[in-house]
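Enquirer: First residue of the sequence shown? That's 1 in the working numbering, and the numbers climb one at a time after it. Using N, Cα and C, we set each Cβ at its ideal position, and we do this for glycine too.
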Amino acid sequence: MSDFIPFVQELLEGWGTVSARRMFGGHGLYHEGLMFAIVMNQQLFLKADAQNRPEFEALGLTPFTYPMKGKEIALSYWSAPDAVFDDPTEAVRWARSAWDAAARGHLAKAQAREKAKARLKTRSVRAFSAR
């Protein structure tokens, strides 16, 4: 692990514990069990969704991309603004926004799984009843 990740963790100390886990040549940053950021090549990318993405776009920031089968694939993690590294208050504000986006995504996935289970159960009951 480079010195960059401990630096980011220190910036976010006022927010709470941030852990790092290795992934795909970089690290995922987690807070309360949710991954809210990634670090790749000494660069911080924060989770974005429809609600907080306009803040990233307004600053001209870009999403994390990687090449796959001749195309650039964009993830829902965007470059962190420079202000994050200059001011711990700004670092926490942006990290919270990214964590909120991760939480919204986690909730949406959980709700989709529950709906799929309910549909499957309804189909199974109908199929059994039709016999």
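So the alpha helix (DSSP H) P6 belongs to, where does it begin and stop?
Expert: Residue mapping note: residue 6 aligns to position 6 of the sequence shown, counting from 1. Segment 4-11, the alpha helix (DSSP H) holding P6.
Enquirer: Relative to the C-alpha of P54, which residue among I73, G26, W94 is closest?
Expert: What you label residue 54 is simply residue 54 of the sequence shown in a count that begins at 1. Comparing Cα-Cα distances from P54 to each of I73, G26, W94, the minimum goes to W94.
Enquirer: Between L29 and M35, how many whole angstroms is the CB-CB distance? I'm expecting something under 8 Å.
Expert: Position 29 of the sequence shown, counted from the start, is the residue given in the question as residue 29. Position 35 of the sequence shown, counted from the start, is the residue given in the question as residue 35. With a Cβ gap of about 7 Å, L29 and M35 count as contacting.
Enquirer: Write down every uninterrupted run of the beta strand (DSSP E) in the stretch 60-118 whose length is 3 residues or greater and which is fully enclosed by it, in chain order.
Expert: As far as the stretch 60-118 is concerned, its whole beta strand (DSSP E) runs of at least 3 residues are 63-68, 71-79.
Enquirer: Taking its Cβ as the centre, do 16 or more other Cβ atoms sit within 10 Å of Y66, making it buried, or is it exposed?
Expert: As a working note, residue 66 is residue 66 in the sequence shown. Exposed, by the Cβ-count rule.
Enquirer: In angstroms with no decimal places, state the Cα-to-Cα distance between A91 and A101.
Expert: As a working mapping, residue 91 is identified with position 91 in the sequence shown. As a working mapping, residue 101 is identified with position 101 in the sequence shown. Those two C-alpha atoms are separated by around 15 Å.
Enquirer: What do you get for N41, buried or exposed, if any count of 16 or more other CB atoms within 10 angstroms of its CB means buried?
Expert: Residue mapping note: residue 41 aligns to position 41 of the sequence shown, counting from 1. N41 comes out exposed.
Enquirer: Within 10 Å of its beta-carbon, does K69 have 16 or more other beta-carbons around it, so buried, or fewer, so exposed?
Expert: Your numbering for residue 69 matches position 69 in the sequence shown. Burial call: exposed.
Enquirer: Taking the alpha-carbon positions, what's the V3 to S79 distance?
Expert: As a position in the sequence shown, residue 3 is number 3, starting the count at 1. As a position in the sequence shown, residue 79 is number 79, starting the count at 1. One point to set straight first is that residue 3 is Asp, not Val, in the sequence displayed. When rounded, the distance between both Cα atoms is 19 Å.
Enquirer: Where DSSP assigns a beta bridge to L46, which residues make up the other side?
Expert: Along the sequence shown, one-based indexing puts residue 46 at 46. For L46, which the question treats as bridged, DSSP gives the partners A37, W78.
Enquirer: Tell me, which residues are paired with R22 by DSSP?
Expert: For this step, residue 22 is matched to residue 22 along the sequence shown. Paired residue(s): H27.
Enquirer: Three-state secondary structure (DSSP) at E55?
Expert: What you label residue 55 is simply residue 55 of the sequence shown in a count that begins at 1. Helix at E55.
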